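As given, the protein sequences belong to chains R and P, one line each in that order. Reading the first sequence from the start, the letters are residues 8 to 227 in the working numbering. Reading the second sequence from the start, the letters are residues -13 to 212 in the working numbering.
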Amino acid sequence: MDFDFLLIISKMGPMLKATITTIGVALVACCLGMLLGTVLLIFKNSKYRVIRIFVKVYSSAIRGTPALVQILVFYYVLPPVIGLDIGPVTAGIMAIGFNSGAYVAEILRGGLSRISEGQWEAANALGMKKSAVWIKVILPQIYYSVIPLLVNEFTMVIKITPLLSTITVLELTRASQHLIVSTYRPVEVLTMAAILYFCICFTLSQFGERLQRRSELYRL
Amino acid sequence: MEFDFLALWDNRALLAEGFLTTIVISFFAIPVSIVMAGGIVFMRISKNKVARVIAASYVEIIRNVPFLIQIFMVFYALPFFGVRLSGLPIGIICLSIYGSAYFVEIFRGGIEAVPRGQFDASKALGLGYFFYMRKVIFPQLVGYIIPPGSNIAITMVKESSLLSMITIAELTYMAHDVNGRTFSPVEVFTTIAVLYWVISTALMTLSEWVQKKMQVEETLNVQLIR
């Protein structure tokens, strides 16, 4: 049997274009996830029990079901229920963003647990409003301390994006499926796709680990 | 709009079959991946540089390439090498390989958390490598491994949904099938979401129960030693 990688490399144009889509979708979804994670974190520390229970149910639902099923639910279930025709890209970004939000909330919670109780008391003593304490005192510190984990979360999001190929978003996996169909060389195409994904994720996760080590070096 | 869960009830046999297949796949894949990881972690921490590099690149490649691409590679590439397997074994193999990479990292983290002095003491007592790993180091890891390990196990159950893409008749595949028959996507996909939630919550509860039980035994041991 013989492999012809050169042939595939010469036809990789659409795949590279789709790689940019993958990164773009992941970036938007990750921003949505961070926003949602922050909101969930603040809700979790709310004084109203109903809101705290809502956060619990939300994170249990997201973390208890596969990302693929969530994407299918967003794509097939959401449009008839809310009566709005959202396209596959929007549905996909929303599904991944809502998925990532639950995990980001968990990461931020870890950051929050490192912040001492005294800071809340000091801020209260200074007469700051609760919203001001969150925005000006607590959140900046949390974000700064969890940057490495957020980088890792971004690689996780990139690793979920192939699932969007099921709902016809033209990202790297779907582009490589098209190339497989037109050339019938699955081994070569999939190897190239795997190398592309590996380059993106490995670089990011090494970067995240480096940041982690550095932040451990300078802590205390 | 109205929902028709009755159409779903007529096809309950299909969904039940898919549910069972998902459980069977996870039931085999999780123990296999733990055993594989137990072997690979010895390579990962060995003094031989070649073995260490091989194990490290195995872990990094598996962890940095999306699971879907891995499945496709195994599914499409194996026939080119003359290996023809049916869906279920391929699913179990893929899932085991995927899980093993994550378990290796957990095991390694656990072994590195054990104080160096214990290794030195075991060597000073003249214990063989595999003997002291088995009798001294691994028993201490159990409590350390269970919380992240159960997370990985739950992740594996969830990732098994991707096997529907290579036509393995597990829960998600059956959901597509039932959806094709009844055209009731809302009901079908919410139902399987609930079913997956039930499996992972059951596993989570089991892990918490084991953790509680382990702690009781640990404290008992401590008292006995004293």
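Cβ coordinates follow ideal geometry from the N, Cα and C atoms, glycine included. In this text, all values refer to a predicted model and were calculated from it rather than measured experimentally.
- Leaving aside the five residues that flank residue 104 of chain R on each side, the residues in its chain whose CB is nearer than 7 Å to its CB run, in chain order, 36, 39, 40, 43.
- Under the Cβ distance rule, residue 193 of chain P does not count among the residues neighbouring chain R, no pair being separated by less than 8 Å.
- Scanning its chain for C-beta atoms nearer than 8 Å, with the 5 sequence neighbours on each side dropped, one finds around residue 121 of chain P the residues 113, in chain order.
- In the DSSP assignment, residue 38 of chain P falls within the unbroken alpha helix (DSSP H) covering 35 to 50.
- For the options P:195, P:171, P:36, P:201, the alpha carbon positioned closest to that of residue -9 of chain P is the one of P:171.
- Interface with chain P (8 Å Cβ-Cβ cutoff): residue 34 of chain R is excluded.
- Chain P has a Cβ within less than 8 Å of the Cβ of residue 200 of chain R.
- Counting along the chain, residue 62 of chain P sits inside the alpha helix (DSSP H) bounded by residues 53 to 66.
- With 16 or more other CB atoms across the displayed protein chains lying within 10 angstroms of its CB, residue 77 of chain R is buried.
- The three-state reading of DSSP puts residue 124 of chain R in helix, counting H, G and I together.
- Restricting attention to P:83, P:125, P:123, the CA atom closest to the CA of residue 14 of chain P is found in P:83.
- By the C-beta density criterion, residue 101 of chain R is buried, having at least 16 other C-beta atoms within 10 angstroms.
- The C-alpha of residue 191 of chain R lies about 21 Å from the C-alpha of residue 72 of chain P.
- The alpha carbon of residue 164 of chain R has as its nearest neighbour, out of R:94, R:107, R:71, R:112, the alpha carbon of R:107.
- Residue contact check for residue 214 of chain R against chain P: no CB pair falls below 8 Å.
- Contact annotation for residue 37 of chain R against chain P: no contact, minimum CB-CB distance about 16 Å [criterion: below 9 Å].
- Here DSSP, grouped into helix, strand and coil, assigns residue -10 of chain P to coil.
- Per DSSP, the unbroken alpha helix (DSSP H) holding residue 61 of chain R starts and ends at 56 to 71.
- One Cα belongs to residue 9 of chain R, the other to residue 199 of chain R, and the distance between them is close to 16 Å.
- Per DSSP, residue 187 of chain R is one residue of the alpha helix (DSSP H) stretching across 179 to 190.
- Counting along the chain, residue 118 of chain P sits inside the alpha helix (DSSP H) bounded by residues 115 to 118.
- Judged by DSSP secondary structure, residue 163 of chain P falls within the alpha helix (DSSP H) whose first and last residues are 157 to 168.
- Nearest Cα to residue 100 of chain P within the set P:86, P:58, P:81, P:130: P:130.
- Annotation: Cβ neighbours of residue 179 of chain P in chain R (cutoff 7 Å, chain order): 72, 76, 80.
- About 5 Å separates the Cβ atoms of residue 196 of chain R and residue 186 of chain R, confirming a contact at the 8 Å cut-off.
- Taking C-alpha positions only, residue -2 of chain P is separated from residue 78 of chain P by approximately 25 Å.
- Along the region 49 to 75 of chain P, the positions whose C-beta sits under 7 Å from a C-beta of chain R are 50, 51, 52, 54, 55, 58, 59, 62, 63, 66, read in chain order.
- One Cα belongs to residue 53 of chain R, the other to residue 37 of chain P, and the distance between them is close to 51 Å.
- Residue 149 of chain R and residue 117 of chain P have their C-alpha atoms roughly 45 Å apart.
- Residues 50 of the same chain have their beta carbon placed closer than 7 Å to that of residue 58 of chain R, with the five preceding and five following residues left out of the count.
- The beta carbon of residue 12 of chain R sits closer than 6 Å to those of 195, all from its chain and outside the five residues before and after it, given in chain order.
- Residue state for residue 176 of chain R is assigned as coil, using DSSP reduced to three classes.
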